[in-house]
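One structure is given here, and the rest of the page talks about it.
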Amino acid sequence: MISKHSIDLPQRIIIGEDILDNIGEQVLQIFNKGKSVLILTGPNVYNKYFNKVKESLEDKGFSVSYKIAGSPTVDYALSLSEEVSKDRFDILLGLGGGRSIDLAKYIAMNLEKNFISVPTAASHDGITSPFVTLRGFDRFHSKPAKPPKLILIDVNVILSAPRRYNVAGFGDLIGKYTSVLDWRLAHKLKGEYYADYAASLALMSARHVSSYAKEIGVGSKDGIRVLLEALVSSGVAMCIAGSSRPASGSEHLFAHALEMISKNPPLHGEAVGVGTIMMSYLHGKDWKKIRNLLKTVGAPVNAKELGVSEEEIIQSLVKSVSIRPERYTILGETGLNEKAAEDLAKNTLVI
Ligand SMILES: [Zn+2]
Numbered sequence: 051m052i053s054k055h056s057i058d059l060p061q062r063i064i065i066g067e068d069i070l071d072n073i074g075e076q077v078l079q080i081f082n083k084g085k086s087v088l089i090l091t092g093p094n095v096y097n098k099y100f101n102k103v104k105e106s107l108e109d110k111g112f113s114v115s116y117k118i119a120g121s122p123t124v125d126y127a128l129s130l131s132e133e134v135s136k137d138r139f140d141i142l143l144g145l146g147g148g149r150s151i152d153l154a155k156y157i158a159m160n161l162e163k164n165f166i167s168v169p170t171a172a173s174h175d176g177i178t179s180p181f182v183t184l185r186g187f188d189r190f191h192s193k194p195a196k197p198p199k200l201i202l203i204d205v206n207v208i209l210s211a212p213r214r215y216n217v218a219g220f221g222d223l224i225g226k227y228t229s230v231l232d233w234r235l236a237h238k239l240k241g242e243y244y245a246d247y248a249a250s251l252a253l254m255s256a257r258h259v260s261s262y263a264k265e266i267g268v269g270s271k272d273g274i275r276v277l278l279e280a281l282v283s284s285g286v287a288m289c290i291a292g293s294s295r296p297a298s299g300s301e302h303l304f305a306h307a308l309e310m311i312s313k314n315p316p317l318h319g320e321a322v323g324v325g326t327i328m329m330s331y332l333h334g335k336d337w338k339k340i341r342n343l344l345k346t347v348g349a350p351v352n353a354k355e356l357g358v359s360e361e362e363i364i365q366s367l368v369k370s371v372s373i374r375p376e377r378y379t380i381l382g383e384t385g386l387n388e389k390a391a392e393d394l395a396k397n398t399l400v401i
């Protein structure tokens, strides 16, 4: 008998120009007039886009309130969820980069509200995925959530985001080269469920951006569009798999460890990119190719460019395996000891 597998997908994804100016119209196509929308956003994005979004929504008969999002930790998400549970609203709209989107997704799930994802940078694939990543005290928490009902991506907004954010999105996608290898390994060694279609879809998003590395690096409209489509399809791969497996393996464990350990943490996708160089080496793959792709796009390839210390890289490699013990990867059950971690980082020119 084939086991039951259900797939939740976003209802509609719109990528185009001038989406933010007409956001009310887009929301009206999915939701009824008169609904109230709570917007979760960061301080910079608030200054830049909030009034435009509010006016457009009010114009179409929605009522709008907002909250400025803080740090995406488990404790903060819970207290914010508690705080807004007293407010009356029907739809939670995440407007911003990773933090606003993740928090909005989490709270929407907690309070059983509809969720709209409106990313203002192409920095990671959480903009479409049905998973939310929050920082806990000693480890990362990735919780299943519902995928966004509606995803609205304004290419012009993404183009005007700091280049560093979009380059980080490239790093997050390059990670699929090793996450898929880790998934296959877990399937072969641990009998874990593996879905070839979802794996291929994730891998395709990495290959697609690889062939557009130059365009993405210079931030051309074509390059950014490809980057966005690849981020969306990586998120959809997670929806299909019903797990973050296709998009998150050992390179992500390293990235999460570095984000926790480092005094001056890099962007998520930047850390994933460097993690992918090192995990490709462990998998016996062409790590230089990954390094060259990251260099082409202008992403960090070593400790110095990440703005972290060599010791932080080594300690993050050692810690990686304990970030998510249930996720079997090339790091095995015990991970790397200090000597092996140092050798790995040195051999791949990360330190
Ligand atoms: Zn990621």
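Converting from the sequence shown to the working numbering requires adding 50 to each position, the first position being numbered 1. Cβ atoms here follow ideal geometry from the backbone N, Cα and C, with glycine treated the same way. Remember, predicted model here, so these are calculated numbers, not experimental data.
Given residue i, which residues of its chain have a CB within under 8 Å of its CB, disregarding the five upstream and five downstream residues?
i	result
Arg275	Ile65, Val205
Phe61	A small fix is needed here, since residue 61 is Gln in this sequence, not Phe. Here the set comprises Ile80, Lys199, Leu200.
Val351	Gly323, Val324, Ile327, Arg341, Leu344, Lys345, Leu399, Val400
Pro212	Ala171
Go through its chain and collect everything with a Cβ distance to residue i's Cβ below 7 Å, but skip five positions before and after it.
i	result
Ala305	His318, Ala321, Val322, Gly325
Arg257	none
Ala307	Ser366, Lys369, Ser370, Ile373
Leu107	Ile73, Gly74, Val77, Val87, Val114
Val230	Ala249, Ala252, Leu253, Pro296
Gly111	Lys83, Gly84
Asn97	none
Which of the three DSSP states is assigned to residue i in this structure?
i	result
Arg257	helix
Lys85	coil
Leu143	strand
Val347	helix
Leu184	strand
Ile380	coil
Ile157	helix
Leu317	coil
How far does the beta strand (DSSP E) with residue i in it reach, from first residue to last?
i	result
Lys389	Where Lys389 is concerned, there is no enclosing beta strand (DSSP E), although the alpha helix (DSSP H) it sits in stretches over 388–397.
Asp204	200–204
Lys117	113–118
Arg62	62–66
How far does the alpha helix (DSSP H) with residue i in it extend, from its first residue to its last?
i	result
Phe190	Not the alpha helix (DSSP H): Phe190 falls in the beta strand (DSSP E), residues 190–194.
Gly219	213–224
Leu78	73–78
Val134	124–134
Ile363	360–373
Ile166	That residue, Ile166, is in no alpha helix (DSSP H); its beta strand (DSSP E) goes 164–169.
Thr178	Unbroken run through Thr178: none, as it is neither H nor E.
Between residue i and residue j, which are expected to be in contact by the criterion C-beta below 8 Å, what is the C-beta distance as a whole number of angstroms?
i	j	result
Gly92	Ala119	6 Å
Ser330	Tyr227	7 Å
To which residues of the same chain is residue i closer than 6 Å at the C-beta, ignoring the five residues directly before and after it?
i	result
Ser167	Gly144, Ile151, Ile177, Pro198, Ile201
Arg149	Ala119, Pro122
Gly225	Glu301, Val322, Thr326
Ser131	Ile157, Asn160
Val217	Val347, Gly348, Ala349
Using a Cβ cut-off of 8 Å (strictly closer), state whether residue i contacts chain B.
i	result
Ser298	You won't find chain B in this structure, because it holds only one protein chain.
(request) Specify whether the segment 243–258 and the segment 284–304 touch according to this definition: at least 3 beta carbon pairs, one from each stretch, less than 8 Å apart. (result) They touch, by the three-pair rule.
(message) Would you call the segment 172–182 in contact with the segment 197–212, where contact means no fewer than 3 C-beta pairs closer than 8 Å?
(response) The segment 172–182 is in contact with the segment 197–212.
(message) Does the structure place the segment 373–380 close enough to the segment 223–238 that three or more beta carbon pairs sit under 8 Å?
(response) Enough Cβ pairs lie closer than 8 Å, so yes.
(message) Under 8 Å, with one C-beta from each stretch per pair, do the segment 361–371 and the segment 280–290 reach the 3-pair mark?
(response) At 8 Å Cβ cutoff, the stretches do not touch.
(message) Whether or not the segment 333–353 and the segment 252–270 are in contact is what I'm after, with contact meaning three or more pairs of Cβ atoms, one per stretch, closer than 8 Å; do they touch?
(response) A contact is defined here as three or more CB-CB pairs under 8 Å, and the segment 252–270 meets this definition with respect to the segment 333–353.
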